[in-house]
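Student: Before I ask anything, here is the structure I am working with.
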DNA sequence: AGCACGCCGACT
DNA sequence: GTCGGCGTGCTC
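Numbering (our numbering), first residue to last: 17 to 739.
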């Protein structure tokens with residue numbers, strides 16, 4: 017007898033089930049979505065394999081029904097899922113849950129007592145099941161499961177689709193109808209369709225009763241329609257000749273890269289992956305025929321796209337959620353493969369470009385990377401380099417300039433922007449007023465009670481409030497220093513609010529706009545070209561283009577370079593190039609206030625060439641044995657009690673130490689943020705060749721007492737830049 | 001003894 | 001992820 021292995025979107029390995037009672041699938045149902053009983057309720061999973069059985073020591077339960085006519089995952093997708101879970105050191109269920117958050121639809125579920133069963137078996141409350149089919153909702157799920165296990169419950173499940181209902185005319189009006197009824201009928205015919213009876217009554221100027229009459233007599237009626245996807249305004253592209261089919265498409269302006277990509281994709285079915293929806297949308301108009309899948313779409317819409325994608329032979333533009341689509345692509349492309357947004361926030365913590373490489377390998381096809389500046393990981397691949405835009409860089413040395421947070425020189429440049437009626441962007445790494453609030457007398461700092469982090473100061477009202485941007489803790493700012501009773505405070509690390517305040521003081525006539533992830537002003541006037549300054553965090557990278565952009569100013573550029581992170585310089589370097597490419601064809605002045613004017617990233621921009629920076633960076637990584645010269649895995653242990661967390665990490669380190677070769681084990685040490693949301697966090701790093709990492713991870717001892725999280729290929733060691 | 005809490009394993 | 005069992009330790 018065949019037994020199904022069913023992967024559920026839960027952090028567990030696939031479970032065994034007997035096939036559904038009425039199993040008619042010849043293909044063994046591999047890859048199908050299936051509804052199974054799970055802890056008394058129903059869950060939806062995917063058949064990922066079979067085993068011959070049952071040789072289990074326990075009674076297997078029977079799956080209830082398949083959901084689709086076609087497999088949800090194809091063989092290459094299934095194989096990828098298994099391999100990728102192993103590669104990420106997580107269960108298949110964890111990765112399934114992360115990659116397909118829309119897998120489970122709402123279900124229509126009907127139940128009745130098996131006709132030949134004795135109604136006497138029905139427990140109290142379920143007597144109605146003897147009478148015929150009933151909606152399962154409303155019955156106690158535990159009692160239903162009792163009947164299910166007893167084999168006397170008959171069930172029907174189907175995916176619930178909220179198909180849009182519209183009112184249309186169904187048959188010609190009869191002469192006998194009233195004038196008002198006829199008027200309503202013709203009104204509906206002319207309008208083709210309406211969403212409700214009330215809408216037709218309004219449109220025809222009749223009472224709802226008249227419309228109801230037409231409906232009852234069958235002259236008009238509701239029909240279901242597929243909701244239409246939003247229209248995309250297609251844009252034309254000048255083709256661009258590619259000499260070869262390079263792995264990397266790097267440099268140039270965004271439009272150049274899109275042209276190069278379009279050339280690369282001309283004939284082939286391909287998957288193009290994006291780190292975030294805003295970037296996908298910039299590409300979409302140039303690929304109007306493409307299938308699109310991303311998290312801003314409703315779950316139901318994504319399921320519809322999924323079900324219909326099987327017949328496609330074209331381009332798919334997607335975020336990570338498209339990786340498992342059941343298509344046989346001939347190319348996989350990762351756009352901006354170094355973006356931190358590719359790090360999945362869920363249980364797997366997988367890094368999407370790595371998953372994409374596995375997917376391409378499984379399909380036996382080539383992978384490509386298309387970025388303004390490619391990541392260190394792919395730098396050795398053959399590239400097609402588009403001529404980089406020559407950035408106009410202006411460094412303001414904070415060791416010499418006067419004025420804070422705006423130096424006199426910065427104000428002078430902003431003044432020019434104002435006089436020429438142009439637009440400027442001012443970028444900060446912090447969204448509140450300041451990164452911290454310090455007592456000027458005694459050096460006391462406002463700290464978060466749950467995290468080892470200073471509280472961010474937000475200035476609103478008379479005193480303002482303090483907020484932790486990690487755990488959300490909020491409190492009022494103190495009037496007096498709790499330590500020395502002084503009333504003089506010193507905010508440090510200028511945030512968006514502070515910069516806005518300073519601009520109001522220096523250039524009161526220049527209109528100011530705020531743009532952060534949580535506070536977006538209406539940019540209407542700027543978008544039609546009116547002068548002004550847009551102040552915000554890196555969320556601005558996702559904002560619409562400012563047509564008259566003449567200046568991008570970073571009052572404290574060093575604030576974007578996070579310490580204790582070996583990727584900090586690479587990230588900063590990439591940020592600067594992205595800022596230089598904020599406008600599709602202009603070259604705004606990039607002005608940086610910095611204590612480190614000789615930072616290698618600055619040199620690269622001055623030379624209008626990212627290669628020098630990357631070569632130095634790669635040499636450094638090689639010397640230290642850091643990625644891409646090695647693979648890295650972070651093991652993180654957390655517990656509310658510090659000694660327990662410390663003990664757990666020490667045990668883990670002790671178990672790994674004898675197996676590790678010199679240089680493979682870094683730490684253990686307190687995490688850069690040693691306490692987060694009330695948990696003490698310790699970590700250690702494994703860094704070695706692919707094969708050695710696999711060996712070390714296979715022999716990982718269980719961690720007792722504290723929570724262990726595995727971060728494969730960690731991208732950042734501190735909280736990310738805020739936006 | 002009675003109960004609250006936190007750890008740990010099971011879930012098919 | 002979520003639930004329930006069980007042991008620890010605190011309180012009545």
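Glycine included, each C-beta is placed from N, C-alpha and C at the ideal position.
Fair warning: this is a prediction, and the values are worked out from it, not measured in the lab.
If you run the structure through DSSP and keep just helix, strand and coil, what is residue 21?
Tutor: Here the question's residue 21 lines up with position 5 in the first chain. It is a strand residue.
Student: With DSSP run on the structure shown, which of helix, strand or coil describes residue 441?
Tutor: What you label residue 441 is simply residue 425 of the first chain in a count that begins at 1. DSSP places residue 441 in strand when its eight states are reduced to three.
Student: Nearest CA to the CA of residue 492: which residue from 473, 202 and 504?
Tutor: Counting from one through the first chain, the residue named residue 492 turns up at place 476. When only C-alpha atoms are compared, the closest one is 473.
Student: Please list the segments of the alpha helix (DSSP H) lying wholly inside the stretch 375-463, counting only runs of 4 or more residues, in order along the chain.
Tutor: You should have 424-435.
Student: Can you have a look at residue 223 and say buried or exposed, based on whether 16 or more other CB atoms are within 10 angstroms of its CB?
Tutor: What you label residue 223 is simply residue 207 of the first chain in a count that begins at 1. So residue 223 counts as exposed.
Student: Tell me, which residues are paired with residue 178 by DSSP?
Tutor: Here residue 178 refers to the residue found at position 162 of the first chain. Answer by DSSP bridge pairing: none, since residue 178 is not bridged.
Student: Rounded to whole angstroms, what's the CA-CA distance from residue 576 to residue 609? Just pull it up for me.
Tutor: Here residue 576 refers to the residue found at position 560 when the first chain is read from its first residue. Here residue 609 refers to the residue found at position 593 when the first chain is read from its first residue. Their Cα atoms are separated by approximately 12 Å.
Student: For residue 698, which residues does DSSP report across the bridge?
Tutor: Stepping through the first chain from its first residue, residue 698 is reached at position 682. Paired residues: 653 and 686.
Student: Figure out for me which residue from 677, 121 and 20 has the closest Cα to the Cα of residue 314.
Tutor: Position 298 of the first chain holds residue 314. Of 677, 121 and 20, the residue nearest in Cα terms is 121.
Student: Express the C-alpha separation of residue 617 and residue 629 in angstroms, rounding to a whole number.
Tutor: Residue 629 sits at position 613 when you count from the first residue of the first chain. Residue 617 sits at position 601 when you count from the first residue of the first chain. Using only the alpha carbons, I get a separation of about 6 Å.
Student: Compute the beta-carbon to beta-carbon distance between residue 731 and residue 393, rounded to the nearest angstrom, for a pair I have assumed lies under 8 Å.
Tutor: In the first chain, counting from the first residue as 1, residue 731 sits at position 715. In the first chain, counting from the first residue as 1, residue 393 sits at position 377. The pair is not a contact, with the Cβ atoms about 11 Å apart (cut-off 8 Å).
Student: Which residue or residues does DSSP assign as beta-bridge partners of residue 691?
Tutor: In the first chain, the residue the question calls residue 691 occupies position 675. In the DSSP output, where bridge partners are listed per residue, residue 691 has 696.
Student: Rounded C-beta distance between residue 507 and residue 450? I'm assuming under 8 Å.
Tutor: Position 491 of the first chain, counted from the start, is the residue given in the question as residue 507. Position 434 of the first chain, counted from the start, is the residue given in the question as residue 450. 3 Å between Cβ atoms; contact.
Student: I need the boundaries of the alpha helix (DSSP H) containing residue 516, first residue and last residue.
Tutor: Counted from its first residue, the first chain places residue 516 at position 500. It spans 512-522 - the alpha helix (DSSP H) in which residue 516 sits, taken as one unbroken run.
Student: Check each candidate in 301, 302 and 296 and name the one with the smallest Cα separation from residue 309.
Tutor: The count along the first chain starts at 1 and reaches residue 309 at position 293. Measuring from the Cα of residue 309, the nearest candidate turns out to be 296.
Student: Can you have a look at residue 149 and say buried or exposed, based on whether 16 or more other CB atoms are within 10 angstroms of its CB?
Tutor: Translated into the one-based positions of the first chain, residue 149 becomes position 133. Flag for residue 149 reads exposed.
Student: For the putative contact between residue 430 and residue 440, defined by C-beta atoms under 8 Å, what is the C-beta separation to the nearest angstrom?
Tutor: Within the first chain, numbered from 1, the residue matching residue 430 stands at position 414. Within the first chain, numbered from 1, the residue matching residue 440 stands at position 424. Confirmed, about 6 Å.
Student: Less than 8 Å between the beta carbons of residue 690 and residue 699, yes or no?
Tutor: Counting from one through the first chain, the residue named residue 690 turns up at place 674. Counting from one through the first chain, the residue named residue 699 turns up at place 683. No. Outside cutoff.
Student: So if DSSP puts residue 5 in a beta bridge, which residue, or which two residues, is it bridged to?
Tutor: The question about residue 5 has no answer here: the residues shown for the chain are numbered 17 through 739.
Student: Pick helix, strand or coil for residue 597, following the three-state DSSP scheme.
Tutor: For this step, residue 597 is matched to residue 581 along the first chain. Looking at residue 597 - three-state DSSP - the assignment turns out to be coil, as it is neither helix nor strand.
Student: Can you grab the Cα-Cα spacing for the pair residue 82 / residue 564, in whole Å?
Tutor: Working through the first chain from its first residue, we reach residue 82 at position 66. Working through the first chain from its first residue, we reach residue 564 at position 548. Answer to the nearest angstrom: the Cα atoms are 56 Å apart.
Student: With a Cβ-Cβ cutoff of 8 Å, do residue 21 and residue 67 count as a contact?
Tutor: The count along the first chain starts at 1 and reaches residue 21 at position 5. The count along the first chain starts at 1 and reaches residue 67 at position 51. Taking 8 Å as the Cβ cut-off, residue 21 and residue 67 qualify as a contacting pair.
Student: To the nearest angstrom, how far is the alpha carbon of residue 735 from that of residue 47?
Tutor: As a first step, residue 735 is located in the first chain; it is residue number 719 there, counting from the start. As a first step, residue 47 is located in the first chain; it is residue number 31 there, counting from the start. Low confidence applies here, because residue 735 scores a pLDDT of 48, under 50, leaving its location unreliable; read the following figure in that light. Each residue's Cα considered, the two are about 37 Å apart.
Student: Relative to the C-alpha of residue 332, which residue among 140, 307, 370 and 599 is closest?
Tutor: What you label residue 332 is simply residue 316 of the first chain in a count that begins at 1. If we check each option's Cα against that of residue 332, 307 comes out closest.
Student: In chain order, what residues of the same chain lie with their CB nearer than 6 Å to the CB of residue 694, ignoring the 5 residues before and after it?
Tutor: Taking the first residue of the first chain as position 1, residue 694 is located at position 678. Excluding five sequence positions before and after residue 694, the CB atoms of its chain that fall closer than 6 Å to its own CB belong to 466 and 656, given in chain order.
Student: Counting Cβ pairs, one atom from each stretch, are 3 or more of them under 8 Å apart for the stretch 22-29 and the stretch 53-65?
Tutor: yes
Student: What does the alpha-carbon distance come out to for the pair residue 353 and residue 596?
Tutor: Counting from 1 along the first chain, the entry for residue 353 is found at position 337. Counting from 1 along the first chain, the entry for residue 596 is found at position 580. Their backbone Cα atoms lie some 19 Å apart in a straight line.
Student: Roughly how far, in whole angstroms, is the beta-carbon of residue 412 from the beta-carbon of residue 611, given that I think they are within contact range, below 8 Å?
Tutor: On the first chain, position 396 is the one that residue 412 refers to. On the first chain, position 595 is the one that residue 611 refers to. Going by Cβ atoms, the distance from residue 412 to residue 611 rounds to 10 Å, so no, they are not a contact pair.
Student: Quick check: what's the CA-CA separation for residue 739 versus residue 591?
Tutor: In the first chain, the residue the question calls residue 739 occupies position 723. In the first chain, the residue the question calls residue 591 occupies position 575. Any reading at residue 739 must be qualified, since the residue scores a pLDDT of 46, below 50, and its modelled position is unreliable; the value itself is stated next. Straight-line Cα distance between these residues: approximately 14 Å.
Student: Is the beta carbon of residue 30 closer than 8 Å to that of residue 64?
Tutor: Counting from 1 along the first chain, the entry for residue 64 is found at position 48. Counting from 1 along the first chain, the entry for residue 30 is found at position 14. A distance below 8 Å separates the beta carbons of residue 64 and residue 30.
Student: Helix, strand or coil: which one does DSSP assign to residue 506?
Tutor: Within the first chain, residue 506 is the residue found at index 490, counting from 1. Strand at residue 506.
Student: State the start and end residues of the unbroken beta strand (DSSP E) segment that holds residue 92.
Tutor: Here residue 92 is taken as the residue at index 76 of the first chain, counted from 1. First-last for residue 92: 91-103, but that is the alpha helix (DSSP H), not the beta strand (DSSP E).
Student: Just reading off the alpha helix (DSSP H) that residue 618 is part of, what are its end residues?
Tutor: For the purposes of this step, residue 618 is identified with residue 602 of the first chain, where counting begins at 1. Taken as a continuous stretch (DSSP letters only), the alpha helix (DSSP H) holding residue 618 covers 616-622.
Student: Looking only at its own chain, which residues have a Cβ that is under 6 Å from the Cβ of residue 317, when we skip the five neighbours before and after it?
Tutor: Position 301 of the first chain holds residue 317. No residues qualify anywhere along the chain.
Student: Taking the beta carbon of residue 496 as the centre, do at least 16 other beta carbons fall within 10 Å, making it buried, or is it exposed?
Tutor: The count along the first chain starts at 1 and reaches residue 496 at position 480. Classification for residue 496: exposed.
Student: Can you tell me whether residue 258 is helix, strand or coil according to DSSP?
Tutor: Here residue 258 refers to the residue found at position 242 when the first chain is read from its first residue. Looking at residue 258 - three-state DSSP - the assignment turns out to be coil, as it is neither helix nor strand.
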